[in-house]
Amino acid sequence: MTVSEELDSLHAQFPACGTVAYADMAAGMVLVANSQSPLDRHALDALCAQAGFLLGEDGVPPLGPQSPGFAMAREPGRVMLAFKSPLQPTDALLCLAAPDLDLGAFQAAARDCLARITADG
Amino acid sequence: MTHDDAIAGNLAALGARQTVFRDGRRVLSNGLFPPPLPAMLQEIGTTVLQRQLTFRAGGSALAFVVSERRLMALVSASSDLEEVQHLAGEGLSHDQPDVLEAVAAAMVRLAQAEEPLTVETAFAAPGGSPAGLGLPAAMLEEVMELDPGEQERPMEFFIEAAAGMYSACLLHAGGAWLGGGEDAAVLTALQKIADAQWERFQASCAKHAALTETPRLISLGPVLDGGECVSVVWADGECALFAHGEAELAGLHGIWQRVFTL
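Sequences listed follow chains A and B, in order. In terms of the working numbering, the first sequence opens at residue 12 and continues consecutively. In terms of the working numbering, the second sequence opens at residue 715 and continues consecutively.
The following block contains the structure:
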């Protein structure tokens with residue numbers, strides 16, 4: 012599957028997650044988003060900036076001695092998730108979802124999706 | 715509580731109200747937070763003009779005519795609330811202790827449903843309210859043994875509700891960090907974060923969202939030497955740091971959802 016197909020497949024599996032994006036955190040930009048994402052380029056850039064800070068992409072761990080492998084930011088009405096690739100630490104999967112997302116199942120599926128994308132890349 | 719205190723309390727309650735509707739009904743409590751019974755009493759305590767208020771939780775319902783912060787009449791009650799069936803369609807008077815106790819018992823049972831508590835407000839039918847002295851909200855509070863001055867802070871409620879899910883917690887309130895939890899080493903690690911990294915983190919977060927306006931939760935993991943995650947919660951001008959295992963992440967977010975959203 013192409014990266015785009017992988018992202019669409021994850022979105023189809025978890026419709027509560029409206030945006031699934033594959034990003035190059037070193038460049039600070041989203042490379043591909045799922046085809047039904049409602050976010051425009053400006054919103055995707057903002058998502059990438061927030062995820063970059065939380066994942067410690069400026070080389071400074073945000074909290075604690077280590078940079079995190081994932082980050083999650085929740086507020087009423089939405090949840091943002093960011094997963095750093097263990098194989099390519101500058102690559103990340105960024106997701107924006109409704110609060111009723113099944114977190115446990117989604118985390119496992121998102122990590123598998125990211126592993127497939129980076130393994131193919 | 716003085717009359718002025720009551721007015722100030724009611725104005726604060728109205729100002730702080732987070733309005734959420736479900737199926738056309740306003741949600742007062744998600745069944746856990748705000749605590750349903752005080753939420754119901756607060757609704758009565760802030761109703762001055764005559765209205766019909768219908769409280770529902772799960773399959774249970776109580777409809778009252780409310781005026782001047784008093785329950786003036788019971789319009790109807792769902793059949794499961796047996797204690798007030800004989801009062802349906804009757805005026806309510808506080809000089810009848812058995813009436814006061816029966817209504818209080820039915821309200822307590824409705825609040826114990828652990829289901830979202832909603833209210834519908836409608837104009838009361840003209841002339842449809844039987845005469846009665848009414849049951850003041852303050853008198854109901856006394857019968858229910860509730861302390862009107864005791865308003866649990868959401869952060870305090872969250873820390874208690876999530877107690878089994880974290881190994882250490884640092885609460886920042888009133889300009890100081892207060893520690894809690896079983897693991898002293900992890901608490902020390904959190905204290906180091908608070909001393910060395912917190913200001914930068916807080917400032918950076920503020921660039922992406924207005925932290926004081928809505929409750930927020932951020933989880934990062936794993937970031938501590940023992941492989942633990944750190945979560946941060948902001949609410950009502952307070953913030954708290956939690957150290958927890960990755961396995962507790964979904965549970966912690968679930969409790970946050972129940973405490974901080976209706």
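For each residue, glycine too, the CB sits at the ideal point set by N, CA and C.
Residue state for Leu904/B is assigned as helix, using DSSP reduced to three classes. CA-CA distance, Val813/B to Ala820/B, rounds to 11 Å. In the three-state scheme derived from DSSP, where H, G and I count as helix and E and B as strand, Leu801/B is classed as helix. For Ser743/B, the three-state secondary structure derived from DSSP is strand. Residues of chain B whose Cβ lies closer than 9 Å to the Cβ of Ala82/A are, in chain order, Ile932, Ser933, Leu934 and Gly935.
Gln826/B is classed as exposed because its beta carbon has fewer than 16 other beta carbons within 10 Å across all chains shown. For Ser790/B, the enclosing beta strand (DSSP E) has its first and last residue at Arg784 to Ala791.
Using a Cβ-Cβ cut-off of 7 Å, Ala964/B is close to Leu114 and Gly115 of chain A, given in chain order.
Of the candidates Leu788/B, Glu829/B and Arg783/B, the residue whose Cα lies closest to the Cα of Phe747/B is Glu829/B.
Within chain B, the residues placing a beta-carbon under 7 Å from that of Arg85/A are Arg930, Leu931, His967 and Trp970, ordered along the chain.
Chain A has a Cβ within less than 8 Å of the Cβ of His922/B. Around Cys106/A, the same chain offers Cys28, Val31 and Leu92 as residues with beta carbons nearer than 6 Å, after the five sequence neighbours per side are excluded.
In the DSSP assignment, Met91/A forms a beta bridge with Ala84/A and Leu107/A.
For Ser790/B, no CB of chain A lies under 8 Å from its own CB, so it is not counted at the interface with that chain. Comparing C-alpha distances from Trp948/B to each of Ala84/A, Pro100/A and Arg52/A shows the shortest one belongs to Ala84/A.
Annotated as distal: Thr761/B and Leu755/B, with beta-carbon spacing of 8 Å or more. For Leu74/A, a Cβ of chain B is located within less than 8 Å of the residue's own Cβ. With a beta-carbon spacing of about 5 Å, Ser790/B and Ala777/B fall inside the 8 Å limit used to define contacts.
Straight through space, the alpha carbons of Leu966/B and Gln911/B are spaced by roughly 23 Å.
Assignment of beta-bridge partners to Val71/A by DSSP yields no partner. The beta carbon of Leu125/A lies closer than 7 Å to those of Phe94, Ser96 and Leu104 in the same chain, with the five residues before and after it left out. Residue environment analysis places Phe915/B among the buried positions, since at least 16 neighbouring C-beta atoms fall within 10 angstroms of its C-beta. Below 8 Å, enough C-beta pairs join the region 886-897 of chain B and the region 952-966 of chain B to call them touching: three or more.
For the region 851-873 of chain B, there are no residues whose beta carbon sits under 8 Å from a beta carbon of chain A. At a cut-off of 8 Å, the C-beta of Pro110/A has a neighbouring C-beta in chain B. Contact annotation for Gln916/B against chain A: no contact, minimum CB-CB distance about 10 Å [criterion: below 8 Å]. Proximity of Leu65/A to chain B, defined by a Cβ-Cβ separation below 8 Å, is satisfied. Residues of chain A with a Cβ closer than 8 Å to the Cβ of Asp809/B do not exist; the shortest Cβ-Cβ separation is about 44 Å. Contact check between the region 845-855 of chain B and the region 802-818 of chain B: three or more CB pairs, one atom from each, fall below 8 Å, which counts as touching.
Using a Cβ distance threshold of 8 Å, Leu963/B and Ser933/B count as a contacting pair. For Pro79/A, the neighbours in chain B by C-beta distance under 9 Å run, in chain order, Ser933, Leu934, Gly935, Pro936, Val937, Cys943 and Val944.
For His808/B, no alpha helix (DSSP H) encloses it, and the DSSP letter there is neither H nor E.
Residue contact check for Gln61/A against chain B: a CB pair falls below 8 Å.
Non-local beta-carbon contacts of Leu751/B in its own chain, meaning distances under 6 Å to residues more than five positions away in sequence, involve Ala825 in chain order. Here Leu55/A has Ala32, Val41 and Ala44 as same chain residues with Cβ atoms under 7 Å from its own Cβ, once five neighbours each way along the sequence are excluded.
The contact set of Ile758/B on chain A, defined by CB atoms closer than 9 Å, is empty, because the minimum CB distance reaches about 26 Å.
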